[in-house]
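Protein chains in written order, with the UniProt record's numbering: chain A, 1 to 360; chain B, 1 to 521; chain C, 1 to 321. I have placed the structure first, in the form of structure tokens, so that the comments after it can refer back to it.
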Amino acid sequence: MKPHSRTTTRNILALGLVAGLALVTGCTKSESDNSAPAQTSSSGDAGKQVAGSGGGKTCAIGDYGADKLDLKNAVVGFSQSEKEANPFRIAETASIKAEASKRGIKLLTANAQSQFSKQISDVQDLIAKGAELLVIAPLNSDGWEPVLRSAQAKKIPIITIDRQINAAPCKDYVSFIGSDFVAQGRRAADQLIEATGGKGEIAILLGAAGNNVTTERTKGFEDRVKAKAPGLKIVFKQTGEFTREKGQSVTEQLIQSKPGIKAIYAENDEMGLGAVNALKGAGKKPGAVKIVTIDGTRNAVQGIADGWISAVIESNPRFGPLAFATLDSFTQGKPVGEDIVIQDSQYTGANAKADLNKAY
Amino acid sequence: MTPWRAAVTAPPDEVLAVTGLTKRFPGVLALDDVTFTLRAGQTHALVGENGAGKSTLIKVLTGVYRPDEGELRHLGEAVTFPTPLAAQHAGISTIYQEVNLIPLMSVARNLFLGREPRTRLGLIDFARMHREAKETMAEYGVHIDVRRPLRELGVGAQQMVALARAVSVDARVVVMDEPTSSLEPREVETLFGVIRRLREQGIAVLYVSHRMDELYAICDTVTVLRDGRLVHTGPLAETGRLQLVSLMLGRETSEVRAEGVTKFSGSHDAGSRPVLSARNLDRRHQLHDVSLDIRPGEVVGLGGLLGSGRTETAKAIAGALPLGGGEVTVDGRPVRTGSAAAAIRAGISLLPEDRKSEGIVPGLSVRENIALAALPRMSRFGLVSEARVDAVVDTFMKRLRIKAASPHQKVGELSGGNQQKVLLARWLAMHPKVLLLDEPTRGIDVGAKAEVQKLIDELAGNGLGVLLISSDVEELIEGSDRVVVLRDGSVVGELTGDEVGADQLLRAIAEAAEEETPRHD
Amino acid sequence: MTELALDNRTLPDRSTVVGWLQNYGVYLGLAVLLLFNVFFTDHFVSGENFRTQAVQVSPVLIVALGMALAIGTEGIDLSVGAVMALATSVTSLYLGYGPWLALVAALIGGAVIGLAGGSLIAFVGVQPIVATLALMVGGRGIALVLLPQLKDVRDPAMATLGSGSVAGIPYLALIAAALALIVGFVVRRTTFGRRLLAIGDSRPAAQLAGLPVHRVLITVYVCSGVLAAVAGFLATARLQASDPSSLGNLMELSAITAVVVGGTPLTGGRVRIGGTVAGAVLIQLLTATLIKHDLPSSWTQIAQAVVIVLAVYAARERGKR
């Protein structure tokens, strides 16, 4: 029995693992970031959300069955749905946190990491930890029964942001604050019609399949094109799964097989930037193929300034100010809208440079 | 030998019987006209060496296989068991070597699986199940919390649960396949107690084991199979140990041939200092203090019944089995045990018993198989020199007369004899000092067998030390200069010089069986 | 004791046809698909188009090479997608030192994951699918900790690598082709390659033949990790960005598909590098064809499924022989 050599091998392996990990994670040095000054100025007023003027039903605290309280001394729970790995989520969470600290409110946060079951338990945890008000960015529209029941039991007002849940407003939850994705699609169509002059063959880079954002942004766009510019023909509709890589790959195929394509509607900025990569790679000049995207990230707005992208329709993630303002009004007893649609702005050649700071 | 025939009219106490049973597998006649009866209250030993057909017979009896010819009678009526479940319903339960229960379920659940007591609502009546399970297990000498998962029990206790389950399913026949292989002596006693009670209840037990002491301690009848044929059946008390051993190994005690039937030439001029020396090899349940020497140019036979530790000894020397203790030296230098690579470097080569799964690499070509172990010698900086491989392969294919369509034919497509030669070539390419041959001629045709035997002879003549394991008595006594006899993992005797003969070998195995008391740690 | 001398020549015709299809079916499929495109896809026959397909297939192909080695040992490596993500994170973090050092760091990252997986498999005896599944989840986690969000890459050398070409052949395709040649050579001509196949075909026999089974297994997974890291680095160059949250998603499945379609059996003992290359190109071309004809993406998935089923069916036929 001489287990020596094997033990030694294992020790060397373990050492290698540790050393390797250290190498990979230690003493890193990224490229110097010369793009823009301080990232995300979400605490400032730049790009603050503005509620749309839409009338709609309102909800008051009496209707909901909760009690008035002073928001300043309240504890607010925020449940985020996905990892803050994309600009939208980063800006959204940052905005909520910034507004809470600005108002001096105690904020509890949780992130469901894209697992719905985790989000349910997250919210229940927040309630257990003493949250008196809840702001939820739901991962799913359905399946909220258990949470709503426990919130109801404690009369906790809930505001959902960026995605609606399937439940009764002003009863199961107070109100929903979010963008109108169909309207975003319509406005993207308007921009694309303007950029192309309403004629020619165009392509759509769809978002992830089976996602309501994809469906709604597609519907708004197609309906508007049909109604306003029958000269525009949609000859290509492929999913880019909301990622830059797929957007690039699909666009590469597109410009090979349909060299006469005039414009591309990308349902988010990342796919649009992928399309820009593909066009660059194929040796196209900026503006040779018009691109319109939705979201309003800094990179995309910069793309307008560089001439590659014609327009970006904003989908504003900075829910903080509006969400807390709504909570404030509500807890003071003032009626608030049940369905608060944000007025998203847009970036075009006219305002891209000036408004670059507003982009997230 | 006259085949034993059952009476045509079934006696009243006959539970299960087969007549003229024949079962073929591609290329093999596994059972050949076997006739055999199991009576109520009988504890019937079923013995035979590897390949005798024991497991095939058990599988026919328990509905796993269907016979090609012959009749199966259950309680006097001809039946067929289409599935193992049908056999179970007919009251035939089996306990296999590997416990076939569900480790994560509780003991009680395992015991009552599929026939749980129900409440009036159709739910499992756990209280009753646990109570009955506790009582049942207590009868088997196992006092445990029946709500615990089965896997927390020792192997012996698990075996008891399996037995309790088998018996409690209204069994008339219980088949036990090597039930004591993993039991401690105390547990063996409990098992025997249970078997005695079964006998009183009129349940027939078919008991498969290689341990002579156990057979004589518990069984009343014995049936011996050899090469798929029934060679003896009758009361155990009338069959002596020596006779039993010779029946299993296929040698009559009175019949000692003057002339050899194998291709071995006779004795070799062995060197004086051992090339290989194994000392005090020890492995739980398998080897106890085994020591042996092999001198250059000497063929040492390893005798013993199946399960006596022959294969384990060879594997232990070759570094293929981790050992609890002991040491191996080659030319006086110690070899790290438990490492096949170290043993090979030291010059030890093993032709494993299970040629198909442990020897050849079936999907690779003859060429790759021959070159496999010696690759580093035929390459530079990790690059294989095809020319050198070709030269070696060519040499050995000619020297060993390997018959293949080309060196690029897959080894899996060759005949058994040629596969064995490929393995020999693989090791000879390593220029070994010691060759361990575990059943080198099993399952290969007569011509190839003679060739392989001749080769072994030649190799020893060239100064190699050879360890030969064979269930073929002729092969063992005629091929070996010396025979070391093993039983239950211990060396129990050694035949040298003129003692190396069939009679002496059988007597050594049988006497050893009589003298020795069971050894357990 | 079943003694069966199998001989191919005596088998009936059907098996011969299936056997041929199994070995060369992938090339036949590729030829059919190419012909279809030549006749029915606009602008298919152009250097630019072939370059596009070559660039797009390169990362998948490189990953598939490592996967083929793992599958050859009767294993599998599910961590490759996560390794790509890790490589892209590490690349981005080290690019300040220049692309070469970033590449080295990324390769070390891939090797570390491979070392971890290989050690679990060889020493601890964890099943490959379980060991690499753990690393698949953990690896992407590490990647996201290192780089929580997408980051642009502006290094000019990276841009050249990602979109440049020499003599009309993209760098990416050249690198992939070179790696395929190297891996093919390793499998055929080195002791490591032969040992790998022997271990995959019969591990007990390989062990008894004294082969360094642990060392070979670990080396295989380290190779797979390093190759996946190369793919991650190249994908970063092509994308001009590090996107650890989406890069390499489902890459393990694409790679396994390429390997299996290429005729490498999941049961180990055999590695077909040429087939793997053809398999990767076949899947790429299939996807491209459906995109170019603007069929819904669900069709692509269905078509891939059909190809996999055909490949697996052929493999099953081999099992029966």
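The C-beta atom is built at its ideal place from N, Cα and C for all residues, glycine as well. Predicted model, so just to flag it, every value in this text is computed and none were measured.
Short of 6 Å in beta carbon distance, which residues of its chain neighbour residue i, apart from the five on each side in sequence? Order them along the chain.
| i | result |
| --- | --- |
| alanine 85/C | Arg140, Ala143, Pro244, Leu247 and Gly248 |
| glutamate 255/B | Residue placement at glutamate 255/B is flagged as unreliable, the pLDDT there being 43, under the threshold of 50; a coordinate-derived value is accordingly withheld. |
| alanine 282/A | Ile255 |
| alanine 429/B | Ala374 and Val392 |
Given that a residue counts as buried once 16 or more other Cβ atoms are within 10 Å of its Cβ, and exposed if not, what is residue i?
| i | result |
| --- | --- |
| proline 156/C | exposed |
| phenylalanine 317/A | According to the sequence provided, residue 317/A is proline. The question's phenylalanine does not apply to it. Proline 317/A should be labelled buried. |
| glutamine 201/B | exposed |
| threonine 337/B | buried |
| tryptophan 20/C | exposed |
| leucine 72/B | buried |
| residue 526/B | Outside the displayed range of chain B (1 to 521) lies residue 526/B, so it cannot be described from this structure. |
| isoleucine 129/C | exposed |
| alanine 305/C | exposed |
| glutamine 191/A | buried |
| residue 324/C | No statement about residue 324/C is possible, as the shown extent of chain C runs from 1 to 321 and does not include it. |
| threonine 496/B | exposed |
| glutamine 332/A | exposed |
Can residue i and residue j be called in contact, C-beta distance under 9 Å?
| i | j | result |
| --- | --- | --- |
| isoleucine 136/A | threonine 160/A | yes |
| glutamate 312/B | leucine 321/B | yes |
| threonine 214/A | threonine 196/A | no |
| alanine 231/C | serine 79/C | no |
| proline 432/B | serine 470/B | no |
| phenylalanine 78/A | alanine 100/A | yes |
| valine 187/C | glycine 75/C | no |
| isoleucine 308/C | valine 261/C | yes |
| glycine 114/C | leucine 310/C | no |
| leucine 101/B | alanine 157/B | no |
| threonine 22/B | glutamate 69/B | yes |
| alanine 266/A | glutamine 302/A | no |
| glycine 307/B | arginine 442/B | no |
| valine 208/B | aspartate 177/B | yes |
| phenylalanine 319/A | aspartate 162/A | yes |
| glycine 250/B | leucine 505/B | no |
Leaving out the 5 sequence neighbours to the left and right, which residues in its chain are closer than 7 Å to residue i when beta-carbon positions are compared?
| i | result |
| --- | --- |
| serine 254/C | Val60 and Ile283 |
| glutamate 116/B | Ile124 and Met129 |
| methionine 105/B | Pro149 and Leu150 |
| residue 527/B | No information on residue 527/B is available, as it lies outside the stretch 1 to 521 that chain B covers here. |
| glutamate 201/A | Lys233, Val235, Lys258, Gly260, Ile261 and Lys262 |
| phenylalanine 330/A | Ile61, Pro157, Val174 and Val336 |
| leucine 126/A | Gly77, Ser79, Leu108, Ala110 and Leu134 |
| aspartate 122/A | Ser79, Ala110 and Ala112 |
In its own chain, which residues sit with a C-beta less than 8 Å from the C-beta of residue i, not counting the 5 before and 5 after it?
| i | result |
| --- | --- |
| threonine 289/C | Leu33, Phe36, Asn37 and Thr41 |
| leucine 146/C | Leu86, Ser89, Val90, Leu93 and Pro244 |
| phenylalanine 123/C | His214 |
Would you mind giving the Cβ-Cβ distance between residue i and residue j, rounded to the nearest angstrom? I have them listed as a contact below 8 Å.
| i | j | result |
| --- | --- | --- |
| valine 361/B | leucine 351/B | In fact, because the Cβ distance is near 14 Å, the residues do not count as touching under 8 Å. |
| alanine 188/A | isoleucine 313/A | 5 Å |
Taking any Cβ of chain A, which residues in the segment 40-71 of chain C have a Cβ under 9 Å from it, in chain order?
Only Thr41, Asp42, His43, Phe44, Ser46, Glu48, Asn49, Thr52, Gln53, Val55 and Gln56 from the segment 40-71 of chain C bring a Cβ to less than 9 Å from some Cβ of chain A.
Can you pull out the residues from the segment 269-291 of chain C whose beta carbon lies closer than 7 Å to at least one beta carbon of chain A?
Answer in chain order: Ala288 and Ile291.
Any residues in the segment 162-190 of chain C with a beta carbon nearer than 7 Å to a beta carbon of chain B? Which ones, in chain order?
Here the close residues are Arg189 and Thr190.
If contact means a Cβ-Cβ distance below 7 Å, which residues of the segment 210-230 of chain C contact chain A?
Against chain A - using a Cβ distance shorter than 7 Å - the segment 210-230 of chain C contributes no residues.
Members of the segment 235-251 of chain A near chain C, C-beta cut-off 9 Å
Legend: CB atoms of the segment 235-251 of chain A lying less than 9 Å from CB atoms of chain C belong to residues Val235, Phe236, Lys237, Gln238, Thr239, Glu241, Phe242, Thr243, Arg244, Glu245, Lys246, Gln248, Ser249 and Val250.
Against chain A: residues of the segment 147-160 of chain C by CB proximity under 8 Å
Against chain A - using a Cβ distance shorter than 8 Å - the residues of the segment 147-160 of chain C are Pro148, Gln149, Leu150, Lys151, Asp152, Val153, Arg154 and Asp155.
Contact set between the segment 96-111 of chain C and chain A, restricted to residues whose Cβ is under 8 Å from the partner:
Close to chain A, meaning a Cβ-Cβ distance shorter than 8 Å, are the following residues of the segment 96-111 of chain C: Gly96, Tyr97, Ala105, Ile108, Gly109 and Ala111.
Chain C contacts made by the segment 330-357 of chain B, where a contact means CB separation under 7 Å
Listed in sequence order: Ala340, Ala341, Ile344, Leu350, Pro352 and Ser357.
Between the segment 241-252 of chain C and chain A, which residues of the former have CB atoms less than 7 Å from a CB of the latter, in chain order?
Of all residues in the segment 241-252 of chain C, those with a C-beta nearer than 7 Å to a C-beta of chain A are Ala241, Asp243, Ser245, Ser246 and Leu247, reading in chain order.
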